[in-house]
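Remarks on the structure that follows.
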Amino acid sequence: MSTTLEKLSLAVESGKVDKNSPFPPQMKGEDGADELAKLALDEGVKPSAVLSDALVPAMDRVGQKFSENKIFVPQMVMSAKAMSAAMAHLKPFFQSGDVVAKGTFIIGTVKGDLHDIGKNLVAMMVEGGGWSIVDLGVDVNEDTFNQAIADNPGAVVGLSALLTTTMANMEVIVKKIKEANPGTRVLVGGAPLNDEFCQKIGADFYSPDPRGAVEYLKEFAA
Ligand code: B1M
Numbered sequence: 007m008s009t010t011l012e013k014l015s016l017a018v019e020s021g022k023v024d025k026n027s028p029f030p031p032q033m034k035g036e037d038g039a040d041e042l043a044k045l046a047l048d049e050g051v052k053p054s055a056v057l058s059d060a061l062v063p064a065m066d067r068v069g070q071k072f073s074e075n076k077i078f079v080p081q082m083v084m085s086a087k088a089m090s091a092a093m094a095h096l097k098p099f100f101q102s103g104d105v106v107a108k109g110t111f112i113i114g115t116v117k118g119d120l121h122d123i124g125k126n127l128v129a130m131m132v133e134g135g136g137w138s139i140v141d142l143g144v145d146v147n148e149d150t151f152n153q154a155i156a157d158n159p160g161a162v163v164g165l166s167a168l169l170t171t172t173m174a175n176m177e178v179i180v181k182k183i184k185e186a187n188p189g190t191r192v193l194v195g196g197a198p199l200n201d202e203f204c205q206k207i208g209a210d211f212y213s214p215d216p217r218g219a220v221e222y223l224k225e226f227a228a
């Protein structure tokens, strides 16, 4: 692996967004993910290699450390931001077809729920895993999910809920998705959920964290 890719991977893992970013303090003044992703592409590294050799492994390590409580939400948010800064340089290549997306992942926070930090992290991690993302935002109802599925046939759908009150809305939305689109895979997540609830509402998979979502989606990657 090129030195630039190694540095990029470390920048994402450490949450170093760009040169001016003060976080993490020990990397002050060093290039961040923004500069390093651009440099890698300028050096002729293929966008697919930037993604698979630097960004995806970095986010895998971040997800692993988060699952093991070795890092916490603020570090994970910074890593997600760093990955986004790098991904911005790759996006034109995704759009041009130089990188073939593994599939489409539709994600939204369910009706009545405005919490989006976890949902955004999942979207970023899944995007870092090579998927094309349709982010419907927050407070999303069943009709909006079903319209997005109609617009993106074969997509896997992710629902997030952070409130015990909106878990009930999640149940209705899963039911309506399954009625309108029986073959659609539905992944659910959010702090108050568990496996038992997932099974009860007829969803296909519960993941407590973004890493679990990325792992689950590997089964359906094109
Ligand atoms: Co709210 N809130 N909040 N809140 N809020 C909680 C969730 C709460 C637990 C706080 C508490 O009382 N201790 C509580 C819920 C209690 C309950 O029902 N169980 C609560 C409440 C009550 C409320 C309001 C009702 C407060 C009020 O107005 N009276 C209100 C509701 C508004 C609404 O949604 N309609 C409200 C509002 C807000 C803010 C707007 C102020 C803000 C949200 C800002 C935003 O998201 N842009 C907010 C915040 C920040 C929180 C806490 C403090 C932090 C949530 C967060 O972002 N966590 C939260 C308390 C807490 O969690 N400690 C709380 C960090 C984030 C990375 O974790 O979202 O869990 P999380 O996501 C994780 C996993 O759950 C998972 O991966 C992520 C990373 O590991 N995951 C998925 C999430 N979605 C997934 C989807 C997947 C897979 C994994 O697949 C699709």
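Using the numbering used here, you'd call the opening residue of the sequence shown number 7 and step up by one each time.
C-beta atoms are modelled at their ideal positions from N, C-alpha and C, and glycine is treated no differently.
Given a length threshold of 3 residues, each whole run of the beta strand (DSSP E) inside the segment 67–145 is given here in chain order: 110–115 and 138–141.
Under the Cβ criterion (8 Å, minimum of three pairs), the segment 109–123 counts as touching the segment 135–143.
For E221, the closest alpha carbon among the candidates G35, M131, D37 and L96 is that of M131. Boundaries for G218: no beta strand (DSSP E) harbours it, while the alpha helix (DSSP H) harbouring it runs P216 to K224, taken from the DSSP string. Around the CB of G208, fewer than 16 other CB atoms lie within 10 Å, so the residue is classed as exposed. Distances taken from the Cβ of D66 to the heavy atoms of ligand 1 include none shorter than 7 Å. Of all alpha-carbon atoms in S90, A86, K125 and V68, the one lying nearest the alpha-carbon of S213 is that of K125. In this structure, the alpha-carbon of P31 lies about 11 Å from that of G21. For V146, the CB contacts under 7 Å within the same chain, skipping 5 residues up- and downstream, are G114, T115, V116 and K117 in chain order.
For S166, the enclosing beta strand (DSSP E) begins and ends at V162 to S166.
Residues of the same chain with a CB within less than 8 Å of the CB of I183, apart from the 5 flanking positions on each side, are E148, F151, N152, I155, V163, T190 and V192 in chain order. Assigned with DSSP and collapsed to three states, F151 falls in helix.
Exclusion of L223 from the 7 Å shell around ligand 1 follows from its C-beta lying no nearer than that to any non-hydrogen atom of the ligand. Following the DSSP letters along the chain, one finds V56 in no beta strand (DSSP E), marked with neither H nor E. In this structure the segment 59–69 does not lie against the segment 22–29, because fewer than three pairs of beta carbons, one per stretch, are closer than 8 Å.
Our two residues, L47 and A174, have alpha carbons roughly 46 Å apart in a direct line. Bounds of any alpha helix (DSSP H) do not take in L193; it lies within the beta strand (DSSP E) bounded by V192 to G195.
Where L45 is concerned, the enclosing alpha helix (DSSP H) starts and stops at A39 to D48.
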